[in-house]
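One structure below.
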Amino acid sequence: MSKTFEDRLSNLIHEIKELKKQIILDKLVKVNAAQAKLNRWKMLAGKISSKWNGTPVVEEIAQQREKTQ
Numbered sequence: 008m009s010k011t012f013e014d015r016l017s018n019l020i021h022e023i024k025e026l027k028k029q030i031i032l033d034k035l036v037k038v039n040a041a042q043a044k045l046n047r048w049k050m051l052a053g054k055i056s057s058k059w060n061g062t063p064v065v066e067e068i069a070q071q072r073e074k075t076q
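One gets the numbering used here by counting positions in the sequence shown from 1 and adding 7 to each.
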C-alpha cells in the first residue's frame, strides 16, 4: 500500500520537474524573441543614422526648445 503512495509521489515529483523545465524553456523563447526584436530596432536605427543628412537630433531638439521660449 505504501509503495503505491511512494510511486504516486515519485510520479508527481517527476511531473513537477518536467513542468519547471518547460517553464524555463518557455521563458527562454520569450527572452530570445525580445532580444531579436531589440537587435532589429538597433540595426534599423543604425541604418537611419547613417543615412541622416539633416541637423543632428540633439541640435534639432535644442532649436525647438529655443523657439518655444
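In this text, a Cβ means the ideal position worked out from N, Cα and C, and glycines have one as well.
With DSSP collapsed to three states, give me the class of residue i.
i	result
Gln76	coil
Trp59	coil
Taking 6 angstroms as the line, does the beta carbon of residue i fall inside it for any heavy atom of the ligand PLP?
i	result
Gln71	You won't find the ligand PLP in this model; it holds no ligand whatsoever.
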